[in-house]
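Written below as structure tokens is the structure these notes are about.
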Amino acid sequence: MFDDIPILSIIVFLPLIGAVIAFALGNNKRMAKLIALIFSAITLLLSLLLLTEFNMSTGTFQFTESYTWIETLGISYSLGVDGIGLLMVILTTLLCFLAILFSWDVEKRTHEYMGLMLVLEVGVLGVFMSLDYFLFYIFWEVVLIPMFFLIGIWGGPRKEYAAIKFFIYTHVASLAMLIAILAMYFEAKPMLESLIGHASFGMLDIALVSGNFSYIFQVAVFGALFFGFGVKMPIVPFHTWLPDAHVEAPTAGSVLLAGLLLKMGAYGLVRIALPTLPEGAEAFVPIMLAIAILSILYGAFASLAQRDLKKMVAFSSISHMGIVLLGFATLSEIGIAAGVFQMFAHGLITAVLFMMCGVVQHKAGTREIPLLGGLAPKIPIAATFMTIGFLASLGLPGMVGFIAEFSVFAATFDAFGWLLILPIISVAITAGYYLWALQRTMFGPLTDKINLSHLKDVSWYEAAPLAVLCILIVVFGLLPGLAFDMIRPATEIVTGLLGVI
Amino acid sequence: MDLTAVLPEIIMIIFAAVLPAVYLGTKNDKMVAGISIAGILIAMATVGQFLWNGASPVVFENLLQLDAFSALFMLVFLIVALYVVIASVRYIEKERHLAEYYTLIMFATVGMMVVASATDLITLFVGIELTSLSSFALVGFRKKDKRGAEAATKYFVIGGLSSAISLYGISLLYGVTHTTNIAEIGAVVGDITGLGPALYISLVMLIAGFGFKVAIVPFHMWAPDVYEGAPTPIASFLAAGSKKMGLVALFKIFLIGLFAIKADWEIAVAVIAIATMTLGNIMAVNQTSIKRMLAYSSIAQAGYILIVLPIGTDYALMGGIFHIITHAFMKGGAFLIVAGLSMSALGENIADYKGLAKRTPLLALGMAILLFALAGIPPLSGFASKVVLFSSAVDASMIPADNWMIWLAIAGVLNSALSLYYYARVVKYMYVEKGPESKIRIPTTVAIAIFICVVATVIIGIYPEPIVDACQAAATAFFA
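Top line first, the protein sequences correspond to chains L and A. The opening residue of the first sequence carries number 919 in our numbering; numbering runs sequentially from there. The opening residue of the second sequence carries number 53 in our numbering; numbering runs sequentially from there.
Structure representation (structure tokens):
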């Protein structure tokens, strides 16, 4: 069905067309919203259509396209997805669509807001599809600009500080990654010239010869890549941009930041760093393990201490992305697959959580946990969604978060034995801060510290995305095979390359 | 005598000389600008034709050579002159001596073109002086403007001093090698065993003399004052054109003339390059005037390009040429936007740019694109050229003896990150902060010039292949 059409390019650049149209509709807010919604919906449908043609039994890249772009430097425009990439692409199109719907009440500079959301979608989709390092880096950086504006224009009181901090932090990390990419390019250049006749930025080309990279080179480059991707994930101690950015970002911005941008870092590790530099990965296992456990515990303890609901969720993201890293650190097939599944699970769950933070802020006028209380009888639907989201995030069996964490922990026990006790502690703390926060905001006696006269339940455009996400959380919790079947063949290839060690 | 190698220069000189007479006869300033644009376009066509044919004629007993390298730079300088002239039409229409303004721009451009094709230290020096003398007058063109007069004086004094120093360096080099032909100098220097003090002094003099021209640290202090005081289109001309001419001269002297003794100067130049980019960026962060900020950012960008000298490979030179080209559009365009806005009574402080996106959406978008390109954000031209430039340091560091060159790439990359702060700050002012609501309109001619720069920045970023190929051909011709 897609043999003759460049379907991935269409999916990537469709939102860009939508963005241009939305920008152009300066004065018509309603039209801008509709255009954004329609374009993101078509993109979502197209990405779901990919599933009909996707061959689940192989881990190779599918729907590939490749055109020479800058021949002199061996740069090509190459796209393709494997199971991991496709899962992330669908997560992206889904979350962008829902985030745009959720932003239906944005009245300030609506057309720019909608345009930027779509540009962001272009960048993230490009990252998950690129098979050329140069192209990958371009999409990677393109993501920064719309997010900078989303935080800077529609953010909270300290938005300017947060926007610049986000921009600089992640840009520095990207540059470390760029140096690493250039180093691989030049190291591979003589080998590729004798093998395929020209130097290349192609990921698959460089992977062909990366096994010949010297040990020291692999360790150094892996370190640079790990820093570049780690800041984005984020890992402790490079996480400090995240709470600031989240607290100040508008709700939909936070949803995409946590749901997608953090995944870019993890995706970079599993797509580039691990398979291309297996010996470097091996050398970094202790560091990855230590940082993963540190992030998991630090994120959990920091969440416990927060008064601001959104900041609590932001810190919990650090903890949950630590679990992704823990899965990768095992370097085993099941561990990496579980890490990818946790990326997917976290994308769904964290979207619910940040949307709920937005709802609470919007309806109650504050996110300060001590000021809230007993809201459930007043806003029962919102309270239901929040409960589902919190329970999913703390890893309640039957929901998607449980499967992800359980399989990561199982792989961790396989690889590192009783060291598992350390990350397991976080499960108890996570349950603690979520239940405590739920109890203090939604249940108990009704608060008298804030004016509740405007308090009303969720609107349709808020309820619909939340409902979709909650249904998916349960569906994938009960039938995790739907996602695992896509992930497993691709991780076999990743670990196959790691198998040389 | 076959004069084809200097045909573009001759065309420019004829047109430049005709301009005052035309103005005297017609008193029509639009016509004068039109004629100078026509002259520049004809010269461009001539250069383009040489580039197309691949011929490389020489002239005057091998004093000037028109090859792929010089032709490419001639085109760059002519394009800079073109957009500066277009932008100037309305900017200076109320001034006196209009015709001389265009004549001077064209003469300065001829000087740059001579430098691009010079194969001899004397022609090189003549070209530089022609450009310098013309630009002194251009900087002080608004005689009644105190800042302009101060800038012109400062520029003149520093310019004269630096010419004297570089001339002294050249004379010492001549004394040691008995020739002024750059390639022959290269051959003679390669044969000398044990450097005498004369060659070292000459080296220091050359670095200092050209260092002033290019405004590298620690010879950079004049640049922000001059750029701030000069008429803004001229600031654009200086940053995009005459500064790049200085870099071309440095390439010729160091990569051809003194290449054989590279080991003696590479560390010193590397340190200067890193100091230049770092100081330029650090100083840019705190500026309140946008022209001064752009001036310091120009210093930083010259620092990036300077890493070509210690690396010294074709690939590095290709990156340097590429960055010079992209920078000519990015920085030139940014200065022109400042010029256009100042004509609409907008101040030159960064704070005056608050809320600009509401007042003139297209211009703000153009500025944002140019600034992000300067910071090296993809997919804009500045990113592509920085990748080639910095990657040449990574490439060179693959050789064990040159391992340290990776630090040139790391310094460049860290500086790019630092520079993002002050570029993003301007974008933030334009888009995030609230300012006056009144709309701004700028003259069409300035808008056309800005449009050229922005479009070039975007297109080169998305499809750099033709430019990269041209740069590669130029680098190959340079080392041939």
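Just so it is clear, CB atoms sit at the ideal spot from N, CA and C, and this is done for glycine as well. Bear in mind the structure is a predicted one, so any value in this text is a computation, not a measurement.
- Per the Cβ contact rule, the region 1211-1229 of chain L is not in contact with the region 1307-1320 of chain L (fewer than 3 Cβ pairs under 8 Å).
- For the set A:437, A:223 and A:274, the Cα lying nearest the Cα of residue 208 (chain A) is the one of A:274.
- No Cβ of chain L is located within less than 7 Å of the beta carbon of residue 277 (chain A).
- With a 10 Å radius around the Cβ and a threshold of 16 neighbouring Cβ atoms, residue 66 (chain A) comes out exposed.
- Taking C-beta atoms as the reference points, residue 169 (chain A) and residue 134 (chain A) fail to come closer than 7 Å.
- A distance below 7 Å separates the beta carbons of residue 1139 (chain L) and residue 1195 (chain L).
- Put simply, the backbone Cα of residue 190 (chain A) is about 18 Å away from that of residue 390 (chain A).
- For residue 1089 (chain L), the chain A residues whose Cβ falls inside 7 Å of its Cβ are 469 and 472, in order along the chain.
- Taking every protein chain shown into account, the CB of residue 971 (chain L) has fewer than 16 other CB atoms within 10 angstroms, so this residue is exposed.
- Residue range 150-169 is occupied by the alpha helix (DSSP H) that includes residue 153 (chain A).
- Look at residue 1334 (chain L) here: in three-state DSSP terms it is helix.
- Using a Cβ distance threshold of 7 Å, residue 1347 (chain L) and residue 1218 (chain L) count as a contacting pair.
- By DSSP's assignment, residue 1226 (chain L) forms a beta bridge with L:1286.
- Short of 7 Å from the beta carbon of residue 1199 (chain L), and not among the five residues preceding or following it, lie these beta carbons of its own chain, in chain order: 1140, 1191, 1192, 1249 and 1416.
- If only uninterrupted alpha helix (DSSP H) runs of at least 4 residues are considered, those enclosed by the region 422-462 of chain A are 433-448.
- For residue 967 (chain L), no CB of chain A lies under 7 Å from its own CB, so it is not counted at the interface with that chain.
- Annotation: Cβ neighbours of residue 1071 (chain L) in chain A (cutoff 7 Å, chain order): 483 and 484.
- Put simply, the CB of residue 489 (chain A) is far from chain L, with every gap to its CB atoms at 7 Å or more.
- Scanning A:140, A:120 and A:152 for the CA closest to the CA of residue 69 (chain A) turns up A:152.
- Residue 931 (chain L) does not reach chain A, its nearest Cβ partner there being about 12 Å away, counting only Cβ pairs nearer than 7 Å.
- A residue is called buried once 16 or more other Cβ atoms fall within 10 Å of its Cβ, and residue 287 (chain A) is buried on that count.
- At a Cβ-Cβ threshold of 7 Å, residue 501 (chain A) and residue 90 (chain A) do not count as neighbours.
- Contacts between residue 520 (chain A) and chain L, judged by CB atoms closer than 8 Å, involve 988, 990 and 991 in chain order.
- For residue 1236 (chain L), the closest Cβ of chain A is not nearer than 7 Å.
- When only Cα atoms are considered, residue 1339 (chain L) and residue 1259 (chain L) end up about 21 Å apart.
- Within chain L, the residues whose beta carbon sits less than 8 Å from that of residue 450 (chain A) are 1104 and 1105, listed in sequence order.
- For a Cβ distance threshold of 7 Å, residue set 1104 of chain L lies close to residue 447 (chain A), ordered along the chain.
- Around residue 1055 (chain L), the same chain offers 1092, 1095, 1096 and 1099 as residues with beta carbons nearer than 8 Å, after the five sequence neighbours per side are excluded.
- Within 10 angstroms of the beta-carbon of residue 1087 (chain L) lie 16 or more other beta-carbons, which makes it buried.
- Each residue's CA atom was taken as its position, placing residue 487 (chain A) and residue 1166 (chain L) some 22 Å apart.
- Within its own chain, the residues whose Cβ lies closer than 6 Å to the Cβ of residue 947 (chain L), once the five positions on either side in sequence are excluded, are 1028, listed in chain order.
- Secondary structure of residue 515 (chain A) (DSSP, three-state): coil.
- Among the residues facing chain A, residue 983 (chain L) is not included, as its CB has no counterpart in that chain under 7 Å away.
- Put simply, the backbone Cα of residue 1341 (chain L) is about 50 Å away from that of residue 382 (chain A).
- Neighbours of residue 1066 (chain L) in chain A, taken as residues at a C-beta separation under 9 Å, are given in chain order as 476, 479 and 480.
- Annotated three-state conformation of residue 984 (chain L) is strand, per DSSP.
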